[in-house]
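Taking it in order: structure first as structure tokens, then the write-up.
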Amino acid sequence: MITICLALMFGGGVYLVLGGTTELNLFWRVFFGVLGVLSVQLLAGLYFRKKVGALTGEIQRVMQAGQERIQRKVNMFQQKPAGGVKHMQMLIEKDQKASLLEAVSLTENLKKYYLWSPLLGRQVATMQMQFYYQMGDFAKVDRLLPKCLLMEHLTVAMKLARQYKNNDPALDKTFRSKIRKYKGDEAALLYSLYAWILLKRGEKDKAFELLTKAKEKTEHEVILKNWEHLANDKPGSFSNAGLGEEWYALRLESVKGQGSQKKGKRFK
């Protein structure tokens with residue numbers, strides 16, 4: 003907001019100075035005034051983009067360091083098992099949470115710039131929401147979601163997943179409004195998620211119609227296989243496991259084979 007005010011003031015100043023010191027006509031005075039406004043906005047945008055880029059790099063270093071710590075512990079456990087698998091999983095989850103909390107704390111450093119950049123607060127809210135989602139802190143996720151920028155397909159999928167969990171009637175509208183711009187693998191995640199939700203609701207026919215439409219926008223193997231399952235009246239074979247990490251990142255189902263977690267419910 004402050005940036006916009008300064009840009010308007012600078013542009014107005016350019017207009018007035020040119021009017022008092024030159025013989026330029028109204029068109030050119032307005033032109034250079036607008037150019038001044040845009041120049042301030044551009045410089046401010048580049049400055050804050052640099053700040054966000056630096057923060058992103060720092061967060062990546064934090065997450066990489068955390069991953070390396072976890073890998074060292076896994077390697078030590080494989081060489082000399084101690085405490086059992088569940089204990090090891092608890093240590094891994096603790097390290098992951100510590101890294102994510104450190105990443106969240108880093109984003110707080112940008113708060114002082116919120117008044118200067120209208121979108122910066124929403125960018126930070128989006129990053130924080132994603133971190134809290136990974137931690138499974140859904141109270142904070144739900145609080146942050148209304149402030150988020152839904153620019154990436156995974157962020158949209160997170161919102162849909164939370165709307166499903168919260169029985170939000172706006173879920174269908176969210177899907178219809180966001181799916182339009184996505185194709186390929188990005189569309190595959192969103193179509194697969196929505197089809198999964200429809201099956202959970204018992205709406206098999208709608209799920210089949212959805213996947214039929216999805217085949218026009220993506221040839222992803224998961225879409226094709228699930229379409230065949232529904233076409234053959236085998237909703238029990240429906241599975242989004244082939245989407246890999248993106249699917250499990252939504253925390254709607256657990257990875258098969260993890261004894262400490264429950265398997266995703268199959269459809270009948």
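Offset between the sequence shown (1-based) and the numbering used here: plus 2. Beta carbons are placed, not taken as given, at the ideal position from N, Cα and C, and that holds for glycine.
Simplified DSSP state of residue 184, which is helix, strand or coil: coil
Outcome for residue 14 when other beta-carbon atoms lying within 10 angstroms are tallied against a minimum of 16: exposed
Would DSSP call residue 257 helix, strand or coil? coil
If you draw a straight line from the alpha carbon of residue 6 to that of residue 41, how long is it in whole angstroms? 11 Å
If we ignore side chains and look at the alpha-carbon of each, how far apart do residue 66 and residue 35 end up? 47 Å
Check whether the region 83-95 and the region 116-125 touch, using three or more Cβ-Cβ pairs below 8 Å as the test. no
Evaluate residue 84 with the Cβ neighbour count: other Cβ atoms within 10 Å of its Cβ, from every protein chain shown; 16 or more gives buried, anything less gives exposed. exposed
Using the rule of at least 16 other Cβ atoms within 10 Å of the residue's Cβ for burial, across every protein chain shown, is residue 256 buried or exposed? exposed
Applying the criterion that 16 or more other CB atoms from any shown protein chain within 10 Å of the CB defines a buried residue, is residue 76 buried or exposed? exposed
Which runs of the alpha helix (DSSP H) at least 4 residues long sit entirely within the region 187-261? Give them in chain order. 206-216, 223-233, 247-250
How would you call residue 87, buried or exposed, if buried means at least 16 neighbouring beta carbons within 10 angstroms? exposed
Which runs of the alpha helix (DSSP H), 4 residues or longer, sit entirely within the region 45-98? none
Inspect the CB distances between the region 201-210 and the region 168-182 and report whether three or more fall short of 8 Å. no
Whole-Å CB distance - residue 189 paired with residue 219, under 8 Å assumed: 5 Å
Per-residue DSSP class, three states only, for residue 134: helix
According to DSSP, is residue 116 helix, strand or coil? coil
With DSSP run on the structure shown, which of helix, strand or coil describes residue 110? helix
How far does the alpha helix (DSSP H) with residue 160 in it extend, from its first residue to its last? 155-167
Give me, in chain order, the residues of the same chain whose beta-carbon lies closer than 8 Å to that of residue 108; leave out the 5 immediate sequence neighbours on both sides. 57, 60, 61, 64
Rounded C-beta distance between residue 193 and residue 225? I'm assuming under 8 Å. 6 Å
Coarse secondary structure for residue 148, derived from DSSP in three states: helix
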